[in-house]
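K.L.:
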Amino acid sequence: MSEGAWGVAESRGEAMARGDGASEVGRWDRHGRKHVVRVRRSGVRRTMSCDTCGWRQGARLRPLPKAERHLAEAHQATVDPAGARQGPSTGR
Ligand SMILES: [Zn+2]
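Just so we're aligned: 59 in the working numbering is position 21 of the sequence shown, and the numbers increase by one with no gaps anywhere.
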């Protein structure tokens, strides 16, 4: 019965600040159209720009959630192509 005190120290939430892997966020809308928000890095800042409507916004950390939100709110594009590998379009 000596488990020690380990395993309780997961309340930091700093480790999620990577975001380096993706330079763009793509989402599909209901009509099957793809909308892409590109993320540019310039120094500390990141600038997002939407290919579809020209929307732009800067962010310091984690721009991706903002980009996703824009896609969802402005274009109703919430389908993640990476997460939907099963492909809803099996031959139309
Ligand atoms: Zn847009």
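C-beta atoms are modelled at their ideal positions from N, C-alpha and C, and glycine is treated no differently. Quantities reported herein were computed from a predicted structural model and do not represent experimental measurements.
Give me whichever residues DSSP pairs with residue 95 in a beta bridge.
P.N.:
Here the question's residue 95 lines up with position 57 in the sequence shown. Looking at the DSSP assignment, residue 95 forms a beta bridge with 86.
K.L.:
Hey, out of 87, 98, 96, whose CA is closest to residue 63's CA?
P.N.:
The residue given as residue 63 occupies position 25 in the sequence shown. That would be 87, whose Cα lies nearest to the Cα of residue 63.
K.L.:
What does a CB cutoff of less than 7 angstroms around residue 83 pick up in its chain, not counting 5 residues either side in sequence?
P.N.:
Here residue 83 refers to the residue found at position 45 of the sequence shown. Closer than 7 angstroms at Cβ, skipping near neighbours: 96, 98.
K.L.:
How about residue 105 and residue 75: are their beta carbons less than 8 angstroms apart?
P.N.:
Numbered from its first residue, the sequence shown carries residue 105 at position 67. Numbered from its first residue, the sequence shown carries residue 75 at position 37. Yes, Cβ-Cβ distance for residue 105 and residue 75 is below 8 angstroms.
K.L.:
At a cut-off of 7 angstroms, is residue 97 close to ligand 1 when judged by its beta-carbon and the heavy atoms of the ligand?
P.N.:
Numbered from its first residue, the sequence shown carries residue 97 at position 59. False, no ligand heavy atom lies under 7 angstroms from that Cβ.
K.L.:
Since residue 94 and residue 85 are thought to touch, with beta carbons under 8 angstroms apart, how far apart are those beta carbons, to the nearest angstrom?
P.N.:
Position 56 of the sequence shown, counting from 1, holds the residue named residue 94. Position 47 of the sequence shown, counting from 1, holds the residue named residue 85. Contact holds; Cβ gap of about 7 angstroms.
K.L.:
Name the one or two DSSP bridge partners that residue 64 has.
P.N.:
Against the sequence shown, residue 64 aligns to sequence position 26. In DSSP, residue 64 forms a bridge with 74.
K.L.:
Do you know offhand how far residue 114's Cα is from residue 79's?
P.N.:
Here residue 114 is taken as the residue at index 76 of the sequence shown, counted from 1. Here residue 79 is taken as the residue at index 41 of the sequence shown, counted from 1. Computed Cα separation, rounded: 26 angstroms.
K.L.:
Nearest CA to the CA of residue 89: which residue from 118, 103, 81, 108?
P.N.:
In the sequence shown, the residue the question calls residue 89 occupies position 51. Checked all of 118, 103, 81, 108; the closest Cα to residue 89 is 108.
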